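Heads up, the thing below is written out as structure tokens.
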Amino acid sequence: MIVAIVTVMTMLWTAAALADGAPTVPPDVRGQSAQTVSTEADATPTPEVEVIDFITYPQETPAPTQRTGRLSGMLIGLDPGHQAHANRDKEPLSPGSNELKNKVSSGTQGVKTRINEYETNLTIALKLRDRLEAEGARVVMTRTTHDVNISNVERAQMMNAAGVDIWLRIHCNGSDNHDVHGMSMYVRDSGPCADESYAAGEMLLEEMTATTGAQNRGVHKSDSYTGNNWSEVPCVLVEMGYESNPDEDVKLNDGAYQDKLIEGYVNALERWNNKYNRPKVSQPENNGVM
């Protein structure tokens, strides 16, 4: 009998609530939804409960954003060359080598703009990072500020540990001859990923000279660059131009010219990715029989 009375009372309350436009939740349940969960500072902890808002219904969690773009799926490393202060301590030229070289230098300086190379390198690398991410790639940077102390070996080790598909060492060149100008690429002559690195260097040079009009000074194979030698993944040292040449110095520090450089980078990385980095799918032969 008591159960029947309670049931009837509940039905009458619900009908009245509907008539008034109120939420159809009994008073005792609504009171629970308004309680505040105790904090760690409370003297007597209470069991953690899920507080449900019966008025505002929970929204669906958005699905993770799928990266799309010309470089979707790529993991690219960028190393803005040099840093504010040189480190003349020594490190091995290559794994197991007895030949030692300075850990890192501060680079050259614009003969006309007086902008330090390490500044130009980072400016372009940050713009390139943003563009690569806009094209769907993920990007690993060795540095995002000038005041760091990261040796060339450490930069390579960072990229090896990250497992990047390829990394680019962003540099500007310099010469005692101020007439020299143009763009060049440097890759290892032997060792891991030498062939893939050379192919990337060729594509970068083709695309970046096409977008900028810079002189093509070739792809050079050499085992005299510490960062390249310690890399276990494809790696290209990009010399974008000569800051020792007045005209090229101004261009390298001009936003519009930098955009042309970046367009060349993207074009080349897309080509390289499609040829060397896409998973190879076995095709059926003989009517589906492998």
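Numbering (our numbering), first residue to last: 1 to 290.
Even glycine gets a Cβ: it sits at the ideal position worked out from N, Cα and C.
These figures come from a predicted structure and were not determined experimentally.
Self-check item: Beta bridge counterpart(s) of W167 as assigned by DSSP
Solution: DSSP lists G77 and C235 as partners of W167.
Quiz item: Counting pairs of beta carbons, one from the stretch 95 to 115 and one from the stretch 248 to 256, are three or more of them closer than 8 Å?
Solution: yes
Quiz item: With 16 other CB atoms within 10 Å as the buried threshold, where does P95 fall?
Solution: By the 10 Å Cβ count, P95 comes out exposed.
Self-check item: Limits of the unbroken alpha helix (DSSP H) element including N152
Solution: Membership of N152 in the alpha helix (DSSP H) is indicated by the continuous run N152 to A162.
Quiz prompt | Q109, DSSP secondary structure in three states | solution = strand
Practice problem: Check L100 in the structure and name its three-state DSSP category. | Solution: strand
Practice problem: Let me know if E239 comes out buried or exposed under the rule of 16 or more other beta-carbons within 10 Å of its beta-carbon. | Solution: By the 10 Å Cβ count, E239 comes out buried.
Quiz item: Residue range of the alpha helix (DSSP H) that R271 falls in?
Solution: Looking at the DSSP string, the run of the alpha helix (DSSP H) that includes R271 is G255 to W272.
Quiz prompt | Status (buried if at least 16 other CB within 10 Å, exposed otherwise) for R188 | solution = Around the Cβ of R188, a 10 Å sphere holds 16 or more other Cβ atoms; the residue is buried.
Exercise. Can you say whether N152 is buried or exposed, counting buried as having 16 or more other CB atoms within 10 angstroms of its CB?
Key: buried
Quiz item: Cα-Cα, which of T226, P92, R138 and N267 is closest to D165?
Solution: Comparing C-alpha distances from D165 to each of T226, P92, R138 and N267 shows the shortest one belongs to R138.
Quiz item: For E119, which residues from the same chain have a beta carbon less than 8 Å from its beta carbon, with the 5 sequence-adjacent residues on both sides left out?
Solution: H146
Practice problem: Could you check what DSSP says for P23 in three-state terms: helix, strand or coil? | Solution: In this predicted model, P23 has a pLDDT of only 43, less than 50, meaning its place in the structure is not dependable; the value taken from the coordinates is given anyway. DSSP places P23 in coil when its eight states are reduced to three.
Quiz item: Quick one: what's got a C-beta closer than 7 Å to E133's C-beta in the same chain, skipping five residues either side?
Solution: Counting only Cβ-Cβ distances below 7 Å, and skipping sequence neighbours, we find V139.
Practice problem: Rounded to whole angstroms, what's the CA-CA distance from G81 to L126? Just pull it up for me. | Solution: 12 Å
Exercise. Mind checking which residues open and close the alpha helix (DSSP H) that includes Y198?
Key: A194 to T212
Quiz item: What is the residue span of the beta strand (DSSP E) that E91 lies within?
Solution: Looking at the DSSP string, the run of the beta strand (DSSP E) that includes E91 is N87 to P92.
Quiz prompt | Closest Cα partner of M183 within the set E154, Y265 and K103 | solution = Y265
Practice problem: Taking N121 as part of the alpha helix (DSSP H), name the residues at either end of that continuous run. | Solution: E117 to A134
Quiz prompt | Stretch pair the stretch 224 to 232 + the stretch 258 to 274: three plus CB contacts closer than 8 Å | solution = no
Quiz prompt | Best match in K103, N216, Y186 and G255 for proximity to W167 [C-alpha to C-alpha] | solution = Cα-wise, what sits closest to W167 is Y186.
Quiz item: Under the three-state reduction of DSSP, which class applies to T39: helix, strand or coil?
Solution: Low confidence applies to T39: its pLDDT is 32, below 50, so where it sits in the model is not reliable enough to give any reading.
Quiz item: Who does V140 pair with in a DSSP beta bridge?
Solution: G77
Exercise. Write down the C-beta distance between A86 and V111 rounded to the nearest angstrom, noting that I regard them as a contact closer than 8 Å.
Key: That belief does not hold up - the Cβ atoms of A86 and V111 are roughly 19 Å apart, past 8 Å.
Quiz item: Between V148 and T123, what straight-line distance do the alpha-carbon atoms span, to the nearest angstrom?
Solution: 15 Å
Quiz item: Which residues in the same chain as T212 place their Cβ atom closer than 7 Å to its Cβ, once the five residues preceding and following it in sequence are excluded?
Solution: Y257, K260, L261 and G264
Quiz item: Any idea what DSSP makes of Y242, helix, strand or coil?
Solution: Strand.
Quiz prompt | Whole-angstrom distance between C193 and T68, CA atom to CA atom | solution = 27 Å
Quiz prompt | Simplified DSSP assignment, three categories, for G227 | solution = helix
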